[in-house]
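Novice:
Residue numbers (the working numbering): 130 to 660.
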């Protein structure tokens, strides 16, 4: 180690390794909060295997692939033994898998022929809930996918699997209405208080038509049969946006569960439940709430008795840096009149809106640009209007975002107040959030995880995420650390989903779903060693 005391400015300081003093490596006596116990799960052999499809072959200017959004993870005690089990979704051509938890704190596969029969569908969302009110937990799986599918295809039909009470599932083929969209979000609530659970089913992406809004659904439970009531309950839900997550939560404390929705190129959306009817309510007057949101999770983080939220965004560790004054834009139109939509990402630069992507990639998508702009310099010095024309831009689908930060939404009782979370959290996308009082101090904590490896060629992968433990202090503030030996978390892969599961019925643990890789299991061990 070499130490310089009060080094002078405006001069060169030479550090000579050969003259450095030898020092002992500091020993960290702290016990990690979590332990990676994946290696102990010898029978957890599932590996998510993404199908070979390149979105950029047909949608050159996508900011990131839409075909690599899984796997999903869902947790429940499916066989009634008091121990929680989990389902992890498969990619196209791969069935999802159910793992049961015996009393040894390890997971064992549960063969389910009905899942194998649906291997041609891609699982992007999953939820255990009692669909038919027989006392056990059934499984809803949302079918999705990118440009390898087409909206309206039978391969996008969602599925409901009924539990026989012992953890064996059969498909209720006639229980759901026709689902034509690529969906990834399913959340249950008895929104009409008739005693059964109804569903929000969120459309995630419009295959091959980014960033057009897919269809989303509100499904009413009529004795185990589900009816599409979107038009009568909230018509704007049909094309509300590219939903990535949602939460049924009583925001205003009136006893009716309201709906919070987030999505890509969407504002944080608050729909108040007025005795079975949904009404749009403002969130921060629509300022600073439009982002590439990927997750939202409720909790009373400030101890005032109402529900606050953590909303996971793509983070600030990227090249775009949108703000309220300088939005990031996307325009979608058939700019080259060849019958297929083209997208153009754009930003503000010296008073003009200009393309984010360069001439080469833009010309690959729209060859007419090669004739219109003979040099890179002429393309680079042109505004978006110069390149594509005012009329074509006016006719285009136009979306914009103004905030990429992951935030804490404080419920003030009369609205929300937004707080940007610490910089450590902004290093990577937050695709999933788990809220739990892990350390049993009476205050809610959270674990955040996520990455996006599948970016376009001109943008580095969003791969800085390793998983973060946020210790809650009960006043709406959190502390965290990037020092992994202290947290014990190393969720460094292409994390798409995460769920809380209790080992042995008590100890909290995390199941992490990694795209095109195997899942990971982290157990909370701060209070006792792994058995």
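Just so you know, even glycine gets a beta-carbon here, dropped at the ideal spot from N, CA and C. Keep in mind that this is a model prediction, so the values were computed, not measured.
Please classify residue 241: is it buried, with 16 or more other beta-carbons within 10 angstroms of its beta-carbon, or exposed?
Specialist: Residue 241 is buried by the Cβ-count criterion.
Novice: Look up residue 207 in the DSSP assignment and say whether it is helix, strand or coil.
Specialist: Coil.
Novice: Assuming residue 559 contacts residue 442 under a Cβ cut-off of 8 Å, what Cβ separation, rounded to an integer in Å, is found between them?
Specialist: With 8 Å as the limit, residue 559 and residue 442 qualify as a contact, their Cβ atoms being about 7 Å apart.
Novice: Using three-state DSSP, classify residue 555 as helix, strand or coil.
Specialist: In the structure shown, residue 555 sits in a helix (DSSP, three-state: H, G or I).
Novice: Go ahead and label residue 351 buried or exposed: buried means 16 or more other beta carbons lie within 10 angstroms of its beta carbon, across all protein chains shown.
Specialist: It is exposed - the Cβ of residue 351 has fewer than 16 other Cβ atoms within 10 Å.
Novice: Can you give me the Cβ contacts of residue 628 inside the same chain, cut-off strictly under 6 Å, excluding the 5 residues immediately before and after it?
Specialist: Only 202, 204 and 640 meet the Cβ criterion.
Novice: Can you tell me whether DSSP reads residue 147 as helix, strand or coil?
Specialist: The answer is helix: DSSP assigns residue 147 an H, G or I state.
Novice: Quick one: which unbroken beta strand (DSSP E) runs of 3-plus residues sit fully inside the segment 280-353? Chain order, please.
Specialist: The qualifying runs are 288-292, 298-300, 311-318, 327-334 and 346-351.
Novice: Using a Cβ-Cβ cut-off of 8 Å (strictly less than) and excluding sequence neighbours within five positions of residue 432, which residues of its own chain qualify?
Specialist: Only 572, 603 and 604 meet the Cβ criterion.
Novice: Does DSSP put residue 202 in a helix, in a strand, or in coil?
Specialist: Strand at residue 202.
Novice: Just reading off the beta strand (DSSP E) that residue 398 is part of, what are its end residues?
Specialist: That run of the beta strand (DSSP E) goes 398-403.
Novice: Pull up the DSSP beta-bridge partners for residue 254, would you.
Specialist: According to DSSP, residue 254 bridges with 271.
Novice: In or out: residue 361 buried (at least 16 other Cβ within 10 Å) or exposed?
Specialist: Flag for residue 361 reads exposed.
Novice: What does DSSP give as the partner residue(s) for residue 458 in the beta ladder?
Specialist: The partner list for residue 458 (beta bridge, DSSP) reads 475 and 529.
Novice: Based on DSSP bridge pairs, tell me the residues matched to residue 649.
Specialist: Per DSSP, 641.
Novice: Apart from the five residues on each side of it in sequence, which residues of its chain come closer than 7 Å, Cβ to Cβ, to residue 193?
Specialist: Same-chain partners within the cutoff: 581, 583, 584 and 585.
Novice: Measure the C-alpha to C-alpha separation of residue 440 and residue 317 and round it to an integer number of angstroms.
Specialist: Residue 440 and residue 317: Cα-Cα distance of roughly 19 Å.
Novice: For residue 378, report the span of its beta strand (DSSP E) as first-last.
Specialist: It spans 371-378 - the beta strand (DSSP E) in which residue 378 sits, taken as one unbroken run.
Novice: Quick check on DSSP: helix, strand or coil for residue 413?
Specialist: Here residue 413 sits in helix by DSSP.
Novice: If residue 670 and residue 305 are in contact, beta carbons under 8 Å, what's the gap, nearest whole angstrom?
Specialist: The shown model of the chain, from 130 to 660, leaves out residue 670, and the question about it has no answer.
Novice: Using only the alpha-carbon positions, how far apart do residue 644 and residue 174 sit?
Specialist: Roughly 15 Å separates the two Cα atoms.
Novice: Quick check: the segment 244-254 against the segment 214-232, are at least 3 beta-carbon pairs closer than 8 Å?
Specialist: Touching, yes, given that three or more Cβ pairs across the two stretches are closer than 8 Å.
Novice: Quick one: using the 10 Å Cβ neighbour count with 16 as the cut-off for buried, is residue 141 buried or exposed?
Specialist: Answer is exposed; the Cβ neighbour count stays below 16.
Novice: For residue 424, which three-state DSSP category applies?
Specialist: Of the three classes helix, strand and coil, the one that applies to residue 424 here is strand, per DSSP.
Novice: Which same chain residues end up closer than 8 Å to residue 512 when comparing Cβ atoms and leaving out the 5 residues on each side of it in sequence?
Specialist: 481, 482 and 483, listed in sequence order.
Novice: In or out: residue 348 buried (at least 16 other Cβ within 10 Å) or exposed?
Specialist: So residue 348 ends up on the buried side.
Novice: Would you mind giving the Cβ-Cβ distance between residue 331 and residue 397, rounded to the nearest angstrom? I have them listed as a contact below 8 Å.
Specialist: Contact doesn't hold; Cβ gap of about 14 Å is too wide.
Novice: How should residue 658 be labelled, buried or exposed, when 16 other C-beta atoms within 10 angstroms of its C-beta is the threshold for buried?
Specialist: Interpretation of residue 658 is limited by its pLDDT of 41, a score under 50 that renders its predicted location unreliable; the figure taken from the coordinates is listed afterwards. By the neighbour-count rule (16 or more Cβ atoms within 10 Å), residue 658 is not buried but exposed.
Novice: Within 10 angstroms of its Cβ, does residue 663 collect 16 or more other Cβ (buried), or is it exposed?
Specialist: Outside the displayed span of the chain (130 to 660) sits residue 663, for which this structure offers no information.
Novice: What are the start and end residues of the alpha helix (DSSP H) that includes residue 668?
Specialist: An answer regarding residue 668 cannot be provided, because it is not within the stretch 130 to 660 covered by the chain.
Novice: Counting C-beta neighbours from all protein chains within 10 Å, is the total for residue 660 16 or more, i.e. buried, or is it exposed?
Specialist: Residue confidence is low: residue 660 scores 39 on pLDDT, short of 50, so the model does not pin down where it sits. Its coordinate-derived value is still stated next. Residue 660 is exposed by the Cβ-count criterion.
Novice: Kindly indicate which three-state DSSP category residue 627 falls into: helix, strand or coil?
Specialist: If DSSP states are grouped into helix, strand and coil, residue 627 belongs with the strands.
Novice: Which runs of the beta strand (DSSP E) fall wholly inside the segment 151-206 and span at least 3 residues, in chain order?
Specialist: Segments of the beta strand (DSSP E) lying fully in the segment 151-206: 163-165 and 202-205.
Novice: Under 8 Å: do the segment 250-265 and the segment 227-240 share three or more Cβ pairs, one atom per stretch?
Specialist: These segments do not touch.
Novice: Would you mind stating whether residue 435 and residue 542 have Cβ atoms separated by less than 8 Å?
Specialist: Yes, the pair counts as a contact, with Cβ atoms nearer than the cut-off.
Novice: Where do the ends of the alpha helix (DSSP H) carrying residue 494 lie?
Specialist: Counting along the chain, the alpha helix (DSSP H) containing residue 494 begins and ends at 488-494.
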